[in-house]
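Participant: I'd like to ask some things about the structure below.
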Amino acid sequence: MSRVKLATVWLGGCSGCHMSFLDLDEWLFDLAAQAELVYSPFMDAKVYPEGVDVVLVEGAIANQEHLETICTVRARSRLLISFGDCAVTGNVTALRNPLGGVEAVLQRCYGGTVEAQGQIPAEPGIVPPLLDRVTPVHAVVPVDVYLPGCPPPADRIRTVLESLLQGETPRLEKSQIRFG
Numbered sequence: 000m001s002r003v004k005l006a007t008v009w010l011g012g013c014s015g016c017h018m019s020f021l022d023l024d025e026w027l028f029d030l031a032a033q034a035e036l037v038y039s040p041f042m043d044a045k046v047y048p049e050g051v052d053v054v055l056v057e058g059a060i061a062n063q064e065h066l067e068t069i070c071t072v073r074a075r076s077r078l079l080i081s082f083g084d085c086a087v088t089g090n091v092t093a094l095r096n097p098l099g100g101v102e103a104v105l106q107r108c109y110g111g112t113v114e115a116q117g118q119i120p121a122e123p124g125i126v127p128p129l130l131d132r133v134t135p136v137h138a139v140v141p142v143d144v145y146l147p148g149c150p151p152p153a154d155r156i157r158t159v160l161e162s163l164l165q166g167e168t169p170r171l172e173k174s175q176i177r178f179g
C-alpha cells in the first residue's frame, strides 16, 4: 500500500496553524507511517510537486506570489484543505482591507508611521506585489475541506487527517466547528 502524499503550504498568515500541526506530538509518527510529506515549510522543497493527495493550506491570499502559489497547489493536488481561519475567512490577514488598495496599505506601513522620514520600498523584490484585497482561499480556488480555528487545535487537525487517511470524508462535530 502506498503512502498518501501530504503537503502543507504557508501563505498570508502567522504560521500558527503549522505550529498547531506540530502539536500533534507522538501522533506525527503514526502520520509519517501513513503519509509522505512531499512539500512543506518544514522541509527544504523549492517546487510544489505534481500528484499531491492532500494539502493543508494555511493563510489568505495577500500578494501576487500567494495567488500564483495557490493556483499551482490547486492544479497539482487532489484534495485541498483550507487550514485555519486566515485560509477560511481571511481573518487577521484581511484586516488591511479597510485601509484601501495597495498604495494606502504601503503608505500606512512605510510612509511616516514607522520613522520620521519613512519611504515605501521601490526596489523590485523587497515587498512582493500586494493584491488590492486579501481574500480567503475559496475566493480563488475550489476548497474541499474547511478546518477552522486560529489556530485549529491539534485534536481537530488529527480528526480531519485520520478521516482522510481512512478514505472517509472528514466530519467535524459541532463543538469542533469554531472560529478563533
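Going by numbering that gives the first Met the number 0, 156 is the number at position 157 of the sequence shown; the sequence numbering is gapless. Idealized CB from N, CA, C, for every residue including glycine. From a predicted model like this one, the values you see are computed outputs, not experimental measurements.
(1) From this set, L78, A31, V46 and L55, which residue's C-alpha is nearest P150's C-alpha?
(2) Is it right to say I125 is buried, meaning 16 or more other beta carbons lie within 10 angstroms of its own, or is it exposed?
(3) Who are the near neighbours of T68 in its chain, counting only those whose CB is closer than 8 Å to its CB and skipping five residues on each side?
(4) Report yes if the C-beta distance between N62 and P127 is below 9 Å; otherwise report no.
(5) If you compare alpha carbons, which of G99, R170 and Q165 is closest to Q33?
(6) Run through the DSSP bridge pairs and tell me what K45 is partnered with.
(7) Expressed to the nearest angstrom, what Euclidean distance is found between the alpha-carbon atoms of S39 and G117?
(8) Which word fits C70, buried or exposed, when buried means at least 16 other C-beta atoms lie within 10 angstroms of its C-beta?
(9) I think R75 touches E49, with their Cβ atoms under 8 Å apart; what is that distance to the nearest whole Å?
(10) For the putative contact between L36 and V144, defined by C-beta atoms under 8 Å, what is the C-beta separation to the nearest angstrom?
(11) Name the residue from L130, T88 and Y109 whose alpha carbon lies nearest to the alpha carbon of G100.
(12) Starting from the N-terminal side, write out each stretch of the beta strand (DSSP E) that is 3 residues or longer and does not extend beyond the stretch 67–127.
Facilitator: With the structure as the only source:
(1) L55
(2) exposed
(3) V8, L10 and Y47
(4) yes
(5) Q165
(6) K45 pairs with nothing; no bridge assigned.
(7) 35 Å
(8) exposed
(9) 5 Å
(10) With a Cβ gap of about 18 Å, L36 and V144 do not count as contacting.
(11) L130
(12) 76–82
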